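As numbered in the working numbering, residues 1 to 184 make up the sequence shown, in order.
No residue lacks a Cβ here, since even glycine has one placed at the ideal position from N, Cα and C.
Note that the structure is predicted; figures quoted are calculated from it, not measured.
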Amino acid sequence: MFVHAQGLCESESVGDGTRVWAFAHVLPGARVGQNCNICDGAYVEGGAVLGDGVTVKNQVMIFDGVTVGDHVFLGPGVAFTNDLNPRAHVKRGGDELLPTVVERGATLGARVTVVCGVTIGEYAFVGAGAVVTKDVPAHAFVVGNPARQIGWACWCGLRLPESLDCTCGRSFALDGDVVREQVA
1 MFVHAQGLCE SESVGDGTRV WAFAHVLPGA RVGQNCNICD GAYVEGGAVL GDGVTVKNQV
61 MIFDGVTVGD HVFLGPGVAF TNDLNPRAHV KRGGDELLPT VVERGATLGA RVTVVCGVTI
121 GEYAFVGAGA VVTKDVPAHA FVVGNPARQI GWACWCGLRL PESLDCTCGR SFALDGDVVR
181 EQVA
């Protein structure tokens, strides 16, 4: 593990190969997997969980109750919330906070805000500046405030055309409201 001279990592649960850069702060109790990259000015609160291979770009805020799966990309300035009814004079913690889950391989673009209590599915793609207020299905491509689905995303990160055949060679098919990869 590497911690920049101006970074602060107080957690004892950080995996091999993880890098914590300048002005980033990982609090005690946070769990961070292997080979993560926590960039300048990021904040990971105790009680947050990051899987393996997570990219946390500059100024990302990950609070208690947020679980991020393996190989998730969190763009610059992504902000998670964990309290639907915050008040400075009311201190909530533990079970009073709503859990948020970002599943394996998802991408959250720059300045995305995630309202607590939602799940963002595997390989979903949340466009820059979106405000996520409800669950996002696996492979969904969502944008806007509030975030709304405008298509599907491939495993490689590209938006899928109507044919659901990606230029990377993968093909998908709709199964009800779910898109599934077709295996040859």
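Exercise. Nearest-angstrom Cα distance between aspartate 64 and alanine 173?
Worked result: Locating residue 64 in the sequence shown gives position 64, where the first residue counts as 1. Locating residue 173 in the sequence shown gives position 173, where the first residue counts as 1. Taking the straight line from one Cα to the other gives about 36 Å.
Exercise. Is glutamate 162 helix, strand or coil by DSSP?
Worked result: For the purposes of this step, residue 162 is identified with residue 162 of the sequence shown, where counting begins at 1. Residue state, collapsed to three classes: coil.
Exercise. What does a CB cutoff of less than 6 Å around glutamate 45 pick up in its chain, not counting 5 residues either side in sequence?
Worked result: Numbered from its first residue, the sequence shown carries residue 45 at position 45. Contacts found: Leu27, Phe63, Asp64.
Exercise. Glycine 151 lies in the beta strand (DSSP E); which residues open and close that run?
Worked result: Taking the sequence shown and counting its residues from 1, the one referred to as residue 151 is at position 151. Element bounds for glycine 151: 148 to 152.
Exercise. Should glycine 15 and glycine 41 be called a contact, given that it needs their Cβ atoms to be closer than 8 Å?
Worked result: Counted from its first residue, the sequence shown places residue 15 at position 15. Counted from its first residue, the sequence shown places residue 41 at position 41. No, Cβ-Cβ distance for glycine 15 and glycine 41 is not below 8 Å.
Exercise. Who are leucine 54's beta bridge partners in DSSP?
Worked result: As a first step, residue 54 is located in the sequence shown; it is residue number 54 there, counting from the start. According to the sequence provided, residue 54 is valine. The question's leucine does not apply to it. DSSP, once it has assigned bridges, lists no residue as partnering valine 54.
Problem set entry | Best match in Lys134, Tyr123, Arg19, Val114 for proximity to valine 78 [C-alpha to C-alpha] | To locate residue 78, count along the sequence shown from 1; it is residue 78. Between valine 78 and the set Lys134, Tyr123, Arg19, Val114, the nearest pair of CA atoms involves Val114.
Problem set entry | Reference methionine 61; option with closest CA among His89, Leu50, Phe80 | Position 61 of the sequence shown, counted from the first residue, corresponds to residue 61. If we check each option's Cα against that of methionine 61, Phe80 comes out closest.
Problem set entry | Minimum length 3: unbroken beta strand (DSSP E) runs contained in the stretch 76 to 133 | DSSP runs (the beta strand (DSSP E)) wholly in the stretch 76 to 133: 100 to 102.
For this session: Following the continuous beta strand (DSSP E) through arginine 170, name the residue where it begins and the one where it ends.
Result: For the purposes of this step, residue 170 is taken as residue 170 along the sequence shown, with counting starting at 1. Arginine 170 -> no beta strand (DSSP E), and no H or E assigned at all.
Problem set entry | Residues that DSSP places opposite cysteine 9 in a beta bridge | Counting from 1 along the sequence shown, the entry for residue 9 is found at position 9. Beta-bridge pairing links cysteine 9 to Val26.
For this session: Express the C-alpha separation of proline 137 and glycine 94 in angstroms, rounding to a whole number.
Result: Indexing the sequence shown from 1 puts residue 94 at position 94. Indexing the sequence shown from 1 puts residue 137 at position 137. In a straight line, the C-alpha of glycine 94 is about 26 Å away from that of proline 137.
Exercise. By how many angstroms is the C-alpha of cysteine 9 removed from the C-alpha of glycine 29?
Worked result: Locating residue 29 in the sequence shown gives position 29, counting from the first residue. Locating residue 9 in the sequence shown gives position 9, counting from the first residue. Their Cα atoms are separated by approximately 11 Å.
For this session: Would you give the residue range spanned by the beta strand (DSSP E) that glutamine 182 belongs to?
Result: Here residue 182 refers to the residue found at position 182 of the sequence shown. Looking at the DSSP string, the run of the beta strand (DSSP E) that includes glutamine 182 is 178 to 182.
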